[in-house]
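Here the structure is laid out as structure tokens; the discussion comes afterwards.
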Amino acid sequence: MNLKSFAQLVYDQTILIPRGKVSTYLEIAKALDSPHSARAVGNALNKNPYAPQVPCHRVIKSNGEIGGFANGPKNKIAILKREGVEIINNKIDLKKYLYECKAKR
DNA sequence: CATATGACACTAT
DNA sequence: AATAGTGCCATAT
Numbered sequence: 002m003n004l005k006s007f008a009q010l011v012y013d014q015t016i017l018i019p020r021g022k023v024s025t026y027l028e029i030a031k032a033l034d035s036p037h038s039a040r041a042v043g044n045a046l047n048k049n050p051y052a053p054q055v056p057c058h059r060v061i062k063s064n065g066e067i068g069g070f071a072n073g074p075k076n077k078i079a080i081l082k083r084e085g086v087e088i089i090n091n092k093i094d095l096k097k098y099l100y101e102c103k104a105k106r
């Protein structure tokens, strides 16, 4: 088994997301070779013991919606805007801001 | 080991 | 397009 817990891998991947970009739970799950673990990814970020070190606010749903956040999605939107990400109708243009972690390992 | 929970995703209606 | 139902995986109890 992995030396790190699934959650640990999620944090490590989330930290790699550059400022001004976002990623999705599904994309992260794929990066971890578990394309069906989107839910588990969300669980890991929910615990997020590394916050705010881990930019969990840069992780959104695969359909471009913000999803849920501990302090409420409203706070998250404000942060993303400050990062340079444009939020439209509480949604993000994945075509423009989705960060693809191709450079995995 | 079984059940319940959760920051999701997909398909059907 | 919007809503509901189902599937999926990792943790907690």
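In terms of this note's numbering, the first sequence opens at residue 2 and continues consecutively.
Glycine residues also receive a C-beta, built at the ideal position from the N, C-alpha and C atoms.
It should be emphasised that the depicted structure is a prediction, and the values quoted were computed from it without experimental measurement.
So, with DSSP's three-state summary, where would you put residue i?
i     : result
SER88 : For clarity, residue 88 is Ile in the given sequence; the question names Ser instead. Looking at ILE88 - three-state DSSP - the assignment turns out to be strand.
VAL42 : helix
ILE61 : strand
Note the first and the last residue of the continuous alpha helix (DSSP H) segment covering residue i.
i     : result
ILE29 : 26-32
TYR12 : 7-16
LYS97 : 95-98
Does the distance from the CB of residue i to the CB of residue j come in under 8 Å?
i     : j     : result
GLY65 : ILE93 : yes
GLN14 : ALA39 : no
ILE78 : ASN91 : yes
VAL55 : TYR12 : yes
TYR98 : PRO19 : no
ILE89 : LYS82 : no
So if DSSP puts residue i in a beta bridge, which residue, or which two residues, is it bridged to?
i     : result
GLU66 : LYS92
VAL55 : DSSP output for VAL55 lists no bridge partner at all.
Hey, is the stretch 53-70 in contact with the stretch 23-37, meaning 3+ C-beta pairs nearer than 8 Å?
-> yes
Looking at C-beta atoms only, is the number of pairs between the stretch 39-51 and the stretch 4-12 that lie closer than 8 Å three or more?
-> yes
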